[in-house]
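K.L.:
Below you will find the structure I want to go over with you.
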Amino acid sequence: MKGLVIKKNANLFSVEVNGEVKDLLPRGTLKKDGIYVGDVVEFNETIEKVYARKNLMIRPPMANLDKIFIVISPSPQPDLLLVDKMILCCFVKGITPILVINKEDISSQEFLKNIKKIYKNVAKIIVCSAKKQDVEKIKSQIKGICAFAGQSAVGKSSLINELLGERKAQIGDLSKKIERGKQTTRMVSLFSLGQGYLADTAGFSSLDVNMLIDIQLREVDKYYPDFLPYLSECKYRSCNHKNPKECGLLKNLDLGNISELRYKNYLKIIDSLAQKKR
Ligand SMILES: Nc1nc2c(ncn2[C@@H]2O[C@H](COP(=O)(O)OP(=O)(O)OP(=O)(O)O)[C@@H](O)[C@H]2O)c(=O)[nH]1
Ligand SMILES: [Mg+2]
Ligand SMILES: [Zn+2]
């Protein structure tokens, strides 16, 4: 039978099939380190094999992510370079990024307008407030396997708590108890929600550019949906987007079709990737 791994606890895996959950061990030849939450597995009495993955994240350890909700807020002020790195990482891994502006209750119109202007051609944008229990717009976007990301204190845990309600509260108590006993690695669980699953972890608070190391520097611009329509205007296919005489991006930056911030962050990301490759 085919099922979805929704929890990993030491060597035991919770596998869901048709709404039913079975706790299973991997068969002898299968390494437990080779099975992740989010994996689709074949099983009988034990887990027999792992089906091919769409993607894999190491921290938090999860496979087959479909969507990441990247959370920002007016306070703490957003680190938009981090946001751009996360968005790039999503596109490279085939994950749909959704930009969530939390703390609407303390957001100025100017702040909202500014963020929408920068990201309107990049990702879907949701404005919400965990404090006002206004999370329906997120819930309706949950499809497939979803997780949250974002810098500290933007409200990821508050949003997850709001979405999971009592189910999350129980988990919180449990993990605290375990931690007091002995040191534990952070567990990831998937909760069935909306039309998909939500990971109970808010573990993507920073992002390692090492994850992007394998992509060619010349390919990075293809993962910018806001740049894509203008790339054909560059004189050379291998344009480094720095020479105003030959670059279509710079031309459209001047025309106001491309965000200056997105462009500047793009150059920073390219530079840091180039340094890592050296
Ligand atoms: N005004 C306002 N405050 C909020 C809202 N959501 C969360 N907060 C507050 O923001 C602070 C941080 O929230 P957390 O949910 O802990 O943030 P986090 O993103 O999980 O932070 P880390 O776990 O450190 O990554 C808390 O004091 C929350 O009460 C909101 O919608 N409006
Ligand atoms: Mg948190
Ligand atoms: Zn160019």
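To convert, take the position in the sequence shown, counting from 1, and add 742; that gives my numbering. For every residue, glycine included, the Cβ atom is placed at its ideal position computed from N, Cα and C.
Would you decide whether glutamate 1002 is buried or exposed? Buried here means 16 or more other CB atoms lie within 10 Å of its CB.
P.N.:
exposed
K.L.:
Drop a sphere of 10 angstroms on the beta-carbon of leucine 746, count the other beta-carbons inside from all chains shown, and report buried for 16 or more, exposed for fewer.
P.N.:
buried
K.L.:
Isoleucine 800 and isoleucine 843 - do their beta-carbons sit closer together than 8 Å?
P.N.:
no
K.L.:
Distance, Cα to Cα, lysine 862 vs asparagine 753?
P.N.:
Computed Cα separation, rounded: 44 Å.
K.L.:
Measure how close the beta-carbons of glycine 990 and leucine 973 come, nearest whole angstrom, since I'm counting them as under 8 Å.
P.N.:
6 Å
K.L.:
Any heavy atom of ligand 3 closer than 7 Å to the CB of leucine 991?
P.N.:
yes
K.L.:
Distance check for isoleucine 857 and leucine 807, CA to CA, integer angstroms please.
P.N.:
25 Å
K.L.:
Output the distance between the C-alpha atoms of methionine 828 and isoleucine 812, rounded to the nearest integer angstrom.
P.N.:
8 Å
K.L.:
Check whether the Cβ atoms of alanine 805 and aspartate 775 sit closer than 8 Å, and answer yes or no.
P.N.:
No, the Cβ-Cβ distance between alanine 805 and aspartate 775 is not below 8 Å.
K.L.:
With a Cβ-Cβ cutoff of 8 Å, do leucine 932 and valine 779 count as a contact?
P.N.:
yes
K.L.:
If isoleucine 789 sits next to leucine 772, beta carbons under 8 Å apart, how far is it from one beta carbon to the other, in whole angstroms?
P.N.:
6 Å
K.L.:
For ligand 2, any of its heavy atoms closer than 7 Å to the Cβ of lysine 845?
P.N.:
no
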